[in-house]
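Here the structure is laid out as structure tokens; the discussion comes afterwards.
Number of protein chains: 2
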Amino acid sequence: MLSDRYQMLFKNLMGLYLSDGKPVGSSTLSKLPEVSLSSATVRNVLADLEQMGLLHSPHTSAGRVPTDLGYRFFVDSLLTFQLPTLGHEHAIRQQLSTDLNQDRLLQETAKLLSGMTGMASVVMLPSKAQETLQQVDFLMLSPKRVLMVLVFSDQDVQNRVVELEQSISADQLHALANFLNAECLGLSLRHARAKLMATLARVEQEHQTAELALLQSADALLSQQASERRPLMVAGKTKLIDYEEFADSQKLRQLYHALQDEQALLELFDKTLQAPGLKVFIGSEFGDDVYQSCSLVARPYTMEGEVLGVLGVIGPSRMNYQKVVPQVDLTGKILSSLLKK
Amino acid sequence: MLSDRYQMLFKNLMGLYLSDGKPVGSSTLSKLPEVSLSSATVRNVLADLEQMGLLHSPHTSAGRVPTDLGYRFFVDSLLTFQLPTLGHEHAIRQQLSTDLNQDRLLQETAKLLSGMTGMASVVMLPSKAQETLQQVDFLMLSPKRVLMVLVFSDQDVQNRVVELEQSISADQLHALANFLNAECLGLSLRHARAKLMATLARVEQEHQTAELALLQSADALLSQQASERRPLMVAGKTKLIDYEEFADSQKLRQLYHALQDEQALLELFDKTLQAPGLKVFIGSEFGDDVYQSCSLVARPYTMEGEVLGVLGVIGPSRMNYQKVVPQVDLTGKILSSLLKK
DNA sequence: ATTTAGCACTCGAGGACAGTGACTGCTATT
DNA sequence: AATAGCAGTCACTGTCCTCGAGTGCTAAAT
Numbered sequence: 001m002l003s004d005r006y007q008m009l010f011k012n013l014m015g016l017y018l019s020d021g022k023p024v025g026s027s028t029l030s031k032l033p034e035v036s037l038s039s040a041t042v043r044n045v046l047a048d049l050e051q052m053g054l055l056h057s058p059h060t061s062a063g064r065v066p067t068d069l070g071y072r073f074f075v076d077s078l079l080t081f082q083l084p085t086l087g088h089e090h091a092i093r094q095q096l097s098t099d100l101n102q103d104r105l106l107q108e109t110a111k112l113l114s115g116m117t118g119m120a121s122v123v124m125l126p127s128k129a130q131e132t133l134q135q136v137d138f139l140m141l142s143p144k145r146v147l148m149v150l151v152f153s154d155q156d157v158q159n160r161v162v163e164l165e166q167s168i169s170a171d172q173l174h175a176l177a178n179f180l181n182a183e184c185l186g187l188s189l190r191h192a193r194a195k196l197m198a199t200l201a202r203v204e205q206e207h208q209t210a211e212l213a214l215l216q217s218a219d220a221l222l223s224q225q226a227s228e229r230r231p232l233m234v235a236g237k238t239k240l241i242d243y244e245e246f247a248d249s250q251k252l253r254q255l256y257h258a259l260q261d262e263q264a265l266l267e268l269f270d271k272t273l274q275a276p277g278l279k280v281f282i283g284s285e286f287g288d289d290v291y292q293s294c295s296l297v298a299r300p301y302t303m304e305g306e307v308l309g310v311l312g313v314i315g316p317s318r319m320n321y322q323k324v325v326p327q328v329d330l331t332g333k334i335l336s337s338l339l340k341k
Numbered sequence: 342m343l344s345d346r347y348q349m350l351f352k353n354l355m356g357l358y359l360s361d362g363k364p365v366g367s368s369t370l371s372k373l374p375e376v377s378l379s380s381a382t383v384r385n386v387l388a389d390l391e392q393m394g395l396l397h398s399p400h401t402s403a404g405r406v407p408t409d410l411g412y413r414f415f416v417d418s419l420l421t422f423q424l425p426t427l428g429h430e431h432a433i434r435q436q437l438s439t440d441l442n443q444d445r446l447l448q449e450t451a452k453l454l455s456g457m458t459g460m461a462s463v464v465m466l467p468s469k470a471q472e473t474l475q476q477v478d479f480l481m482l483s484p485k486r487v488l489m490v491l492v493f494s495d496q497d498v499q500n501r502v503v504e505l506e507q508s509i510s511a512d513q514l515h516a517l518a519n520f521l522n523a524e525c526l527g528l529s530l531r532h533a534r535a536k537l538m539a540t541l542a543r544v545e546q547e548h549q550t551a552e553l554a555l556l557q558s559a560d561a562l563l564s565q566q567a568s569e570r571r572p573l574m575v576a577g578k579t580k581l582i583d584y585e586e587f588a589d590s591q592k593l594r595q596l597y598h599a600l601q602d603e604q605a606l607l608e609l610f611d612k613t614l615q616a617p618g619l620k621v622f623i624g625s626e627f628g629d630d631v632y633q634s635c636s637l638v639a640r641p642y643t644m645e646g647e648v649l650g651v652l653g654v655i656g657p658s659r660m661n662y663q664k665v666v667p668q669v670d671l672t673g674k675i676l677s678s679l680l681k682k
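Here the protein sequences line up with chains A and B, keeping their order. The opening residue of the first sequence carries number 1 in the numbering used here; numbering runs sequentially from there. The opening residue of the second sequence carries number 342 in the numbering used here; numbering runs sequentially from there.
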């Protein structure tokens with residue numbers, strides 16, 4: 001455990017570094033009103049903190065900079081929050097106006113987070129795998145083209161056009177809809193598909209070729225549905241160019257790439273899912289060098305108490321945690337309160 | 342009109358500059374095998390070309406660089422194309438696999454363009470305003486929640502959830518669907534809405550409150566539809582960081598911003614719509630300083646002969662026009678061939 | 001009358017160099 | 001234990017200089 005003085009100095013150093021981004025030296029600290037120590041004393045403390053691995057000197061004649069471990073300690077033990085005002089809360093609710101379907105709502109949330117924080121935001125989408133079918137309907141566009149409408153239990157609606165091999169009558173279509181609504185409701189896409197396969201085999205024996213074709217198409221579509229979805233949504237990537245940390249365009253590019261399609265993030269999100277509550281990941285904790293000097297502030301969101309996914313913000317480790325952490329937290333809370341079955 | 346020698350030298354200079362990005366000097370040019378002139382002679386020519394406004398010296402002891410006017414001349418008069426191979430064409434068709442709805446198809450096209458060229462791509466979406474309703478259907482989710490499905494003449498399908506003030510019966514819903522399908526098909530959204538308004542007024546007098554509420558909701562939704570759509574789709578923005586032209590992150594940011602929501606582009610696209618065929622816009626021709634040293638290669642795309650929108654690629658003016666122009670052209674052709682009513 | 005060779009000139013890039021200032025760690029003193 | 005003092009380190013900055021690429025101009029050559 002660190003003595004009060006050590007903590008105090010470390011916290012002040014953090015504050016200065018977060019706001020200026022330049023290495024902080026002993027004399028700068030000793031001049032602070034709340035620090036009534038000579039620079040020499042401060043120096044001794046800083047040397048100790050460096051020994052412990054919380055600080056680091058870019059070079060001998062520069063001040064100190066926090067290490068990833070230093071950030072960790074700061075976030076875990078020293079962070080005091082700067083709560084958003086009620087007006088702020090109201091503004092968030094406003095922007096997440098409620099009459100959107102789930103996907104759009106999550107998209108809006110991503111935009112909002114990125115706008116509020118000036119950094120990139122990430123939203124992990126609920127895994128569709130668990131959603132169940134609530135309603136299926138067909139619409140005849142032309143004798144050989146049928147529109148399939150799938151309503152999921154999360155209120156998401158998706159539709160696909162099926163091109164048929166041969167034409168189908170309105171009655172047949174109706175029958176098919178009835179069949180699906182009778183047999184497949186309450187099943188996940190995967191299960192519904194399995195059931196469809198079984199029926200398919202049966203129908204095939206009975207030589208009902210017209211329905212067979214439609215069923216086959218429906219099957220192909222359901223499978224298409226399942227694979228198509230990206231599990232991650234990223235907004236505001238371009239905001240990151242403003243930070244000196246990412247001035248090297250080479251690095252920035254790699255970071256963008258990683259944000260595009262990467263596993264590393266998903267693993268962190270999984271960790272966040274496991275142990276609910278807000279989590280901060282810092283630099284090396286990402287498990288990938290691309291995220292050097294990045295931090296992620298993440299939090300699960302829920303629907304009626306059940307954890308659905310994770311939302312968060314990615315930016316330079318040198319971010320204003322005091323503001324950002326409550327912002328992410330509040331946004332997660334509000335989103336959770338807006339999500340209804 | 343420029344003499345052959347002037348043209349030849351200018352073209353060679355362009356070639357060198359496009360591939361290296363460094364100012365080209367007289368001696369470099371005179372050493373080229375196809376140039377059998379001394380550097381002194383070349384210098385005289387270059388001085389003349391600079392006089393005419395086609396070239397520019399960054400400083401006294403540097404070589405020459407084309408001006409926007411120079412690019413213009415090059416593109417209009419000197420450009421020879423490097424036709425994509427048949428294999429290439431096949432690859433494009435492959436990626437634009439056909440069973441997508443229109444919006445997704447355009448999205449794929451944008452991705453494809455950006456991937457092929459390594460630059461940002463822009464697709465101007467067909468103005469929905471002209472599309473007509475082809476089919477309307479309702480699905481009852483619960484007594485107070487109704488899903489509205491709109492099928493447009495361009496095969497696009499959109500759906501919205503209507504939250505009702507009071508519950509509605511299946512019969513009423515059916516009647517409403519019939520009414521809309523009878524009255525509003527073949528009308529644009531705007532016209533359909535106008536018709537709805539008229540009916541609304543009549544129904545109001547007859548005090549059919551249940552239908553009234555639904556109609557009102559439907560109206561609100563139709564209007565929502567109309568405004569919601571972004572006219573422009575941009576893909577691959579982040580590819581631009583790789584070009585030295587955009588190394589200044591300040592400028593890059595502004596460019597991103599402009600690409601986000603800007604009018605300037607739409608105006609250029611309008612010009613492209615007017616006079617069909619491929620067009621190239623260079624730097625100052627954008628009419629906005631943000632696009633300094635950018636070029637846009639754009640081309641309309643059609644559906645069954647009728648111009649729908651414009652697609653294109655944005656990158657540094659110093660791009661490989663010989664490759665990019667045919668790529669954009671071919672993609673536009675293929676897209677047009679894939680779009681069917 | 002072109003074309004070319006030659007020459008003086010310009011200017012940016014890059015290296016060497018010294019001075020400055022912001023630090024540090026250590027040691028001796030309070 | 002805290003501090004003052006001091007020597008040392010190192011990035012940063014500005015100056016000076018050289019180098020080289022490239023120019024424009026003029027006079028000679030074709």
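For glycine and all other residues, C-beta sits at the position ideal for the given N, C-alpha and C. Everything numeric in this text was worked out from a predicted model, so none of it was measured.
Query: Do the region 408 to 420 of chain B and the region 344 to 361 of chain B touch if we need at least three Cβ pairs shorter than 8 Å?; Result: yes
Query: If contact means a Cβ-Cβ distance below 9 Å, which residues of the region 169 to 189 of chain A contact chain B?; Result: none
Query: Answer yes or no: do T613 (chain B) and L453 (chain B) have a C-beta to C-beta separation smaller than 8 Å?; Result: no
Query: Between S590 (chain B) and chain A, is there a C-beta pair that is closer than 8 Å?; Result: yes
Query: Going by the DSSP bridge assignment, what does N500 (chain B) pair with across the sheet?; Result: B:V490
Query: Can we say the region 452 to 470 of chain B touches the region 574 to 581 of chain B, given the rule of at least three CB pairs closer than 8 Å?; Result: yes
Query: Take Q423 (chain B) as the anchor and find which of B:L396, B:H400, B:V665, B:A535 has the nearest alpha-carbon.; Result: B:V665
Query: Rounded to whole angstroms, what is the Cα-Cα separation between H532 (chain B) and A198 (chain A)?; Result: 47 Å
Query: Would the region 343 to 353 of chain B and the region 373 to 383 of chain B be scored as touching if the rule is three or more Cβ pairs under 8 Å?; Result: yes
Query: If contacts are defined as beta-carbon pairs under 8 Å, then L517 (chain B) and V502 (chain B) qualify, I think. What distance do you get, rounded to the angstrom?; Result: That pair is no contact at about 15 Å.
Query: Could you give the DSSP three-state label for D629 (chain B): helix, strand or coil?; Result: coil
Query: Could you tell me whether the region 308 to 315 of chain A touches the region 281 to 298 of chain A, using the rule of 3 or more Cβ pairs below 8 Å?; Result: yes
Query: Helix, strand or coil: which one does DSSP assign to S438 (chain B)?; Result: coil
Query: When burial is assigned at 16 or more other CB atoms within 10 Å of the CB, is K363 (chain B) buried or exposed?; Result: exposed
Query: From the beta carbon of R405 (chain B), is the nearest beta carbon of chain A less than 8 Å away?; Result: no
Query: Which residue from B:K372, B:S380, B:P425, B:L387 puts its Cα closest to that of Y662 (chain B)?; Result: B:P425
Query: Do D409 (chain B) and E626 (chain B) have their C-beta atoms closer together than 8 Å?; Result: yes
Query: How far does the alpha helix (DSSP H) with I675 (chain B) in it reach, from first residue to last?; Result: 662 to 679
Query: Thinking L189 (chain A) and Q476 (chain B) are a contact (beta carbons under 8 Å), I'd like their distance in whole angstroms, please.; Result: About 25 Å separates the two Cβ atoms, so there is no contact after all.
Query: Whole angstroms are fine: how far does the CA of N500 (chain B) sit from the CA of M644 (chain B)?; Result: 24 Å
Query: Suppose contacts are defined by Cβ-Cβ distances below 8 Å. Is S187 (chain A) in contact with K195 (chain A) by that definition?; Result: Sequence check: residue 187 (chain A) is Leu here, not Ser. Yes, these two residues count as a Cβ contact at 8 Å.
Query: How would you list, in chain order, the residues of chain B whose beta-carbon sits under 8 Å from the beta-carbon of T238 (chain A)?; Result: K578, T579, R594, Y597
Query: List, in order along the chain, the chain A residues whose C-beta lies closer than 7 Å to that of I582 (chain B)?; Result: S249, L252, R253
Query: Throw me the rounded Cβ distance for the V123 (chain A) and T109 (chain A) pair, which I believe falls under 8 Å.; Result: 6 Å
Query: Beta carbons nearer than 9 Å to chain B: which residues of the region 277 to 310 of chain A have them?; Result: none
Query: Below 9 Å on C-beta distance, what does L139 (chain A) contact in chain B?; Result: Q476, D478, V490, V492, V498
Query: In this structure, how does DSSP classify G456 (chain B) when only helix, strand and coil are distinguished?; Result: helix
Query: Quick one: is R350 (chain A) buried, meaning 16 or more other Cβ sit within 10 Å of its Cβ, or exposed?; Result: Residue 350 (chain A) is absent from the structure shown; chain A starts at 1 and stops at 341.
Query: For Y243 (chain A), which three-state DSSP category applies?; Result: coil
Query: Measure the alpha-carbon distance for R571 (chain B) versus Y584 (chain B) and round it to whole angstroms.; Result: 28 Å
Query: At a Cβ threshold of 8 Å, is V365 (chain B) touching chain A?; Result: no
Query: By how many angstroms is the C-alpha of G277 (chain A) removed from the C-alpha of L505 (chain B)?; Result: 36 Å
Query: Would you kindly report the start and end of the unbroken alpha helix (DSSP H) that includes K592 (chain B)?; Result: 590 to 602
Query: Just how far apart, CA to CA, sit N178 (chain A) and L339 (chain A)?; Result: 30 Å
Query: Measuring straight from C-alpha to C-alpha, what distance separates L390 (chain B) and S658 (chain B)?; Result: 19 Å
Query: Got a sec, what are the start and stop residues for the alpha helix (DSSP H) M644 (chain B) sits in?; Result: Where M644 (chain B) is concerned, there is no enclosing alpha helix (DSSP H), although the beta strand (DSSP E) it sits in stretches over 635 to 644.
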